[in-house]
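Inspection log for the structure reproduced underneath, given as structure tokens.
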Amino acid sequence: MNEYELENASRRDFLRKSTLAGGGLVLGFYLNVADSAAKRVAKPATISESSVFKPNAFIHIAPTGKVTLISKQPEIGQGIKTSLPMVIAEELEVNWLDVQIVQGDLDPIYGSQSAGGSRSTPTNYQEFHKLGATARTMLILAAAEILRVPASELLAKDSAVHHPPSGKQLSYGQLVEKAVTIPVPAPESVKLKDPKDYKLLGMRIGGVDNPGVVTGKPLFGIDVQLPGMLYATYQKCPAFGGKVVSANLDKIKTLPGVKHAFIVEGGTSLKGLLPGVAIVADSTWAAFTARKQLEVVWDEGPAAAQSWAGFSAKAKELSEQAGSEVLRNDGNAKQALEDADKTVEAAYSYPFISHASIEPQNCTAWFKDGGIEIWAPTQNPEAGQKIVTETLGIPKEKITLHITRSGGGFGRRLIPDYIIESAAIAKQVGVPVKLTWTREDDLQHDQFRAGGFHFLKGGLDDKGKLIAWHNHFVTFAHKVVKDGKETLELGSGANLSGDEFPGRWVENCLLEQTPLECNIPMGPWRAPRSNVLAWVFHSFIDELAHAAGRDPLAFRLEILGDKGFIPGTGQQGIPYDVNRMKHVLQHVAEKAEWGKKTFPRGQGQGIAFHFSHLGYIAQVAEVTVSKDGKLKVDRVVVATDIGAQIVNLSGAENQVQGSVIDGLCALMFQELNIEKGRIVQSNFGDYPMIRIADAPTRVDVHFLKTDYPVTGLGEPALPPLAPAVCNAIFAATGVRVRQLPLLRTDLSWS
């Protein structure tokens with residue numbers, strides 16, 4: 034069926050034609066298909082009738098009884114390829130052993146397919162429940178017709194429909210032929226399962242790709258192999274945004290295995306196709322080897338004058354002036370600070386860092402017949418398709434994009450620069466081409482987590498209560514042209530919201546922001562903004578608590594107060610449930626025995642919390658710091674509130690534990706220095722990652738089930754880790770950490 038036929042088909046015609054095409058029962062989303070009753074199958078409760086969607090097929094039941102479920106979201110290690118199909122399978126009452134999961138390619142029938150912001154679960158959870166329940170209802174109705182019994186006497190269980198009074202049962206495979214003739218039931222007639230009856234959700238289910246991962250099966254983008262495929266590498270200017278003046282292409286073309294070498298003009302977007310030199314060979318090794326002899330004359334452009342030292346000096350200068358933008362101005366922070374019984378002032382800074390995913394960026398593309406076929410480990414396939422259309426002029430309908438598994442994402446693969454590089458090379462070569470970045474490419478041409486500088490002042494009254502807060506945030510931005518005028522656009526993850534805690538809690542609060550122009554690529558890094566803002570704010574809150582002579586937990590609970598539910602304010606405002614946060618904070622304190630332990634010098638506890646990506650998370654870290662400054666994180670206790678249901682307990686625990694380790698890695702080691710507009714570090718030798726010896730000895734994870742919608746977990750457990758550890762370091766040593774990474778601070782004590 035083509036798109037026109039789908040939009041004009043009756044529900045019965047759709048089911049029949051889908052069955053003829055696939056040999057079984059196919060049930061799909063119908064989202065905003067005009068005049069189709071089947072539209073109601075999985076229409077989200079939050080979607081208005083006027084929203085525009087297209088049909089999406091997710092369930093296929095073959096006459097053999099084999100159930101195939103489509104996973105539409107990219108799998109980047111977050112477990113979504115397992116967890117979302119589990120939701121359908123739960124409602125469908127199918128035996129998980131009968132289920133086959135297939136990764137869906139980019140297709141508008143699936144709706145949004147990006148994986149970022151911990152949104153995959155919350156945006157699909159209710160719809161997938163409805164989809165599975167609708168399919169189950171149709172199978173029961175089919176069985177009722179075959180057995181000539183009331184549907185109310187039937188129940189679905191273990192991939193079959195049972196009739197307890199007679200003891201008869203029909204497998205789903207036996208019901209396929211009849212089920213395709215059943216009209217799609219109205220939404221109000223479809224009953225979802227009671228959570229107390231769940232058999233699959235909340236259980237520990239291994240990832241569907243786990244056997245393939247541990248046995249080295251070709252699952253990842255870097256594993257793609259095609260007949261007649263060539264292999265490419267791409268050299269960009271070391272200074273960001275530089276252009277090619279000339280290159281020794283004639284020599285490169287004579288080297289063993291090299292088939293092509295050419296200059297790609299590229300453009301100016303740091304997230305797009307930048308100028309460079311492509312080398313295409315009969316193996317990756319041949320391409321990489323030839324690249325070592327590549328000599329390029331570059332026009333390095335304005336970035337070559339930029340450095341981290343220069344940025345730091347400029348930030349200090351700007352901090353002494355008024356911010357260029359006021360994000361929040363409640364009360365009179367200046368006067369309150371002057372009148373405060375005690376004031377605390379501190380400057381916090383953090384560097385640019387890389388995503389450093391284990392699988393470097395790669396993409397395979399094949400240009401033929403005016404179209405292009407792409408195999409990409411991407412978090413955002415729609416963006417990949419869009420950039421190919423806009424850059425190369427290939428119509429959207431002539432782009433096929435296959436989503437492969439990614440060897441880590443963390444936000445990096447939301448930006449499609451590596452996809453457009455591969456596509457541009459393939460278009461010129463005309464055969465399948467796999468582009469593979471070296472580790473050096475991946476580290477030095479990332480879409481980096483932005484650095485930043487915070488200049489803070491806090492005021493306390495004579496009772497040790499926080500009465501004033503001032504933060505001047507100097508951040509990074511790119512110069513862009515909008516409406517014919519040059520302006521500074523903040524980098525991804527480099528902005529501050531006026532709602533950021535404690536922005537809505539302190540009576541006298543001034544939040545200012547000043548952009549600092551740079552030519553450094555910036556992109557979302559796991560828990561964008563929150564991954565650094567939590568460290569800054571909850572470390573400074575700890576400073577204030579100690580200055581007040583207050584227990585850090587009691588001080589935080591006092592700030593949260595009894596406000597209950599706080600609505601969002603401003604453009605980026607997000608509602609905040611104070612009671613949920615207090616609940617996780619008190620729970621983590623209880624589980625960690627906060628205030629009940631006595632620690633010797635060199636050991637201590639630290640506490641922090643943060644609201645991020647709709648998740649309410651609190652953490653307590655316990656650390657040991659030797660006299661010579663060696664840190665060991667002994668235990669991290671995590672309390673999470675992400676709503677009413679944990680989908681896959683195994684995956685959820687993995688996400689929290691992984692967030693703790695990832696956050697600790699960034700806290701302890703990760704730092705990129707910038708000189709002459711380029712990254713100094715080149716590989717893991719000078720950009721160390723966390724090893725087993727530095728990982729926490731224990732990570733205790735506690736999930737609080739609450740009566741709220743289910744939200745994601747890939748990101749919200751990371752932000753509280755850094756402040757919890759740094760606050761524990763202070764408790765153990767009296768040393769306050771105000772600069773990242775930790776290796777920049779001498780933790781030794783005597």
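Residue numbering for the sequence shown follows the numbering used here, beginning at 34 and increasing consecutively. We treat Cβ as the ideally placed atom computed from N, Cα and C, and that holds for glycine. Computed from a prediction, not measured in an experiment: that's the story for all the values here.
If I'm right that residue i touches residue j with Cβ under 8 Å, what's the distance once you round it to whole angstroms?
i, j, result
"Q480", "I448", "4 Å"
"L544", "L590", "That pair is no contact at about 23 Å."
"P554", "L523", "Not a contact, Cβ separation roughly 14 Å."
"K99", "D131", "7 Å"
"I238", "M119", "6 Å"
"I407", "H435", "7 Å"
"L468", "A265", "4 Å"
Can you list, in chain order, the residues of its chain whose CB lies under 8 Å from that of residue i, leaving out five sequence neighbours each side?
i, result
"E473", "S715 and N716"
"G745", "G150, S151, R152, S153, T154, P155, H646, L647, G648 and I675"
"P218", "T167, T170, M171 and L174"
"K224", "A166 and T170"
Cutting at 6 Å between CB atoms, please list the residues of its own chain near residue i, excluding the five before and the five after it.
i, result
"F47", "Unreliable positioning characterises F47 in this predicted model, as indicated by a pLDDT of 36, which lies under 50. A coordinate reading is not provided."
"G55", "Note that G55 scores 44 on pLDDT, short of 50, meaning its location in the model is unreliable and no value can be drawn from it."
"P561", "G526"
"A578", "P585 and F588"
"A685", "I679 and L746"
Are residue i and residue j closer than 8 Å when you measure CB to CB?
i, j, result
"V135", "S104", "yes"
"Q688", "L234", "no"
"V297", "G305", "no"
"A832", "K286", "Lying outside 34 to 783, the shown extent of the chain, residue 832 is not represented and no answer is given."
"A398", "V466", "yes"
"A90", "I113", "no"
"W470", "A366", "no"
"G206", "T97", "yes"
"N564", "P410", "no"
"E519", "G440", "no"
"L263", "K232", "no"
"I386", "E704", "yes"
"F506", "G531", "no"
"L493", "K375", "yes"
"G254", "C396", "yes"
"R438", "L139", "no"
"L697", "I723", "yes"
"N552", "G710", "yes"
"R668", "R731", "yes"
Can you name the start and end residues of the beta strand (DSSP E) that residue i belongs to?
i, result
"V297", "V291 to V297"
"E519", "K518 to L523"
"A193", "A193 to H196"
"V734", "R731 to F736"
"S104", "V100 to S104"
"L664", "L664 to D674"
"T266", "L263 to K269"
"E123", "From DSSP, E123 is part of no beta strand (DSSP E) but of the alpha helix (DSSP H) over I113 to L125."
"T248", "Per DSSP, T248 belongs to no beta strand (DSSP E) and is neither H nor E."
"I238", "I238 -> no beta strand (DSSP E), and no H or E assigned at all."
"G441", "Premise fails: G441 is in no beta strand (DSSP E) and is neither H nor E."
For residue i, which residues of its own chain have a beta-carbon under 7 Å away from its beta-carbon, when the five flanking residues on both sides are left out?
i, result
"R445", "H388, S390, D479, Q480 and G556"
"L780", "V658, G662, L664, I762, T766 and V768"
"Q268", "G309, V310, R324, L327 and V329"
"G865", "Beyond the ends of the chain as shown, which are 34 and 783, falls residue 865; an answer cannot be given."
"M236", "L682"
"E576", "V377, A379 and R769"
"R771", "A379, A380 and Y381"
"P335", "N552"
"Y741", "G676 and A677"
Looking at the unbroken alpha helix (DSSP H) that takes in residue i, where does it start and where does it end?
i, result
"Y205", "Y205 to A212"
"K284", "L282 to I285"
"G417", "P414 to L425"
"I762", "L754 to T766"
"Q688", "L682 to M701"
"V713", "No alpha helix (DSSP H) holds V713; DSSP gives it neither H nor E."
"A177", "S153 to L180"
Taking 7 Å as the cut-off, is the CB of residue i close to at least one heavy atom of the ligand FAD?
i, result
"D138", "For the structure depicted, the ligand FAD is absent and the ligand set is empty, with no information on it obtainable."
Which runs of the alpha helix (DSSP H) fall wholly inside the region 587–655 and span at least 4 residues, in chain order?
Counting whole runs of 4 or more residues, the region 587–655 contains the alpha helix (DSSP H) stretches 611–624.
Where are the beta strand (DSSP E) runs, 3 residues long or more, that stay fully inside the region 532–569, in chain order? Counting whole runs of 3 or more residues, the region 532–569 contains the beta strand (DSSP E) stretches 541–550.
(request) May I have a chain-ordered list of the beta strand (DSSP E) segments no shorter than 3 residues that lie completely inside the region 314–400? (result) The DSSP assignment places complete beta strand (DSSP E) segments of no fewer than 3 residues inside the region 314–400 at 329–332, 358–363 and 375–383, in order along the chain.
Alpha helix (DSSP H) runs wholly inside the region 463–512, at least 4 long, in chain order
Counting only runs of 4 or more, we get 472–477.
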